[in-house]
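Novice: Please read through the structure below; I'll follow up with questions.
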Amino acid sequence: MKVALFVGFVFFCSLWTIGSFRQCSSCTSSISYDDCQSKLKVTNCTNDDGGCFHADVKTEKGSDKTHTIAKGCLSKSGCAEYNEGKIGFCTTQELKGYTVDCKSKCCTNGDECNKGDLLANSSFRQCSSCSSSVSYDDCQSKLKVKKLHQ
Numbered sequence: 153m154k155v156a157l158f159v160g161f162v163f164f165c166s167l168w169t170i171g172s173f174r175q176c177s178s179c180t181s182s183i184s185y186d187d188c189q190s191k192l193k194v195t196n197c198t199n200d201d202g203g204c205f206h207a208d209v210k211t212e213k214g215s216d217k218t219h220t221i222a223k224g225c226l227s228k229s230g231c232a233e234y235n236e237g238k239i240g241f242c243t244t245q246e247l248k249g250y251t252v253d254c255k256s257k258c259c260t261n262g263d264e265c266n267k268g269d270l271l272a273n274s275s276f277r278q279c280s281s282c283s284s285s286v287s288y289d290d291c292q293s294k295l296k297v298k299k300l301h302q
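Positions in the sequence shown are counted from 1; adding 152 to them yields the working numbering.
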């Protein structure tokens with residue numbers, strides 16, 4: 153009797169808990185957006201998660217090139233950073249000398265708000281930056297283009 157009561161209590165609590173967490177679409181692909189979408193799953197986020205994200209990340213350094221499309225759960229603070237175009241991985245790769253093209257967006261308007269293409273209607277502003285203590289031409293040879301959300 154106690155075991156049955158305990159199992160019933162655990163079942164009831166798990167139903168109540170599942171309903172209180174955000175659900176996000178999740179997938180990862182190094183091929184294409186459509187490939188990621190074909191692998192789409194629903195993920196129950198942890199209690200701390202603030203939203204759902206969609207990121208498109210390209211890195212390049214010589215012959216080392218990567219392209220990753222990802223969707224999933226993100227914390228509240230991470231969500232704010234993604235909406236500003238700040239992805240920690242991209243910053244790290246840039247510091248390692250990679251050229252990066254990182255687009256990201258986070259949504260908080262309901263479960264699976266990232267199911268579609270969050271980046272399709274995003275507008276990005278491009279800014280160029282370089283730094284050199286040698287010459288203008290040296291700076292231009294190190295020019296990096298950054299895309300920022302508007």
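Every residue gets a Cβ at the ideal spot worked out from N, C-alpha and C, and that includes glycine. None of these values were measured; they are calculated from a predicted model.
Kindly confirm or deny that the segment 257–267 and the segment 202–221 touch, where touching means at least three C-beta pairs closer than 8 angstroms.
Specialist: The segment 257–267 is in contact with the segment 202–221.
Novice: Would DSSP call cysteine 197 helix, strand or coil?
Specialist: One-based indexing of the sequence shown puts residue 197 at position 45. Reduced to three states, the DSSP call for cysteine 197 is coil.
Novice: Only counting runs of 4 or more residues, tell me where the alpha helix (DSSP H) segments fall wholly within the segment 221–263, in order along the chain.
Specialist: DSSP runs (the alpha helix (DSSP H)) wholly in the segment 221–263: 228–235, 240–247.
Novice: I'd like the span of the alpha helix (DSSP H) that includes serine 177, first residue to last.
Specialist: In the sequence shown, counting from the first residue as 1, residue 177 sits at position 25. No alpha helix (DSSP H) holds serine 177; the beta strand (DSSP E) holding it covers 175–181.
Novice: Enumerate in chain order the residues of its own chain whose CB-to-CB distance from lysine 193 is below 6 angstroms, with the five nearest sequence positions on each side excluded.
Specialist: Start at 1 with the first residue of the sequence shown, and residue 193 comes out as number 41. Cβ within range, chain order: Ser178.
Novice: Within the continuous alpha helix (DSSP H) that includes serine 190, where are the two ends?
Specialist: Taking the sequence shown and counting its residues from 1, one reaches residue 190 at position 38. 185–190 is the extent of the alpha helix (DSSP H) around serine 190.
Novice: Specify the secondary structure class of cysteine 265 as computed by DSSP and reduced to three states.
Specialist: Position 113 of the sequence shown, counted from the start, is the residue given in the question as residue 265. DSSP places cysteine 265 in coil when its eight states are reduced to three.
Novice: Determine the contact status of phenylalanine 241 and valine 286, defining contact as a CB-CB distance below 8 angstroms.
Specialist: Position 89 of the sequence shown, counted from the start, is the residue given in the question as residue 241. Position 134 of the sequence shown, counted from the start, is the residue given in the question as residue 286. No; because the gap between Cβ atoms is not below 8 angstroms, this pair is not in contact.
Novice: Please classify threonine 243: is it buried, with 16 or more other beta-carbons within 10 angstroms of its beta-carbon, or exposed?
Specialist: Against the sequence shown, residue 243 aligns to sequence position 91. Threonine 243 comes out exposed.
Novice: Please return the same chain residues whose Cβ sits closer than 6 angstroms to the Cβ of glutamine 245, not counting the five positions on each side in sequence.
Specialist: The residue labelled residue 245 in the question sits at position 93 within the sequence shown. Answer for glutamine 245: Thr211, Val252, listed in chain order.
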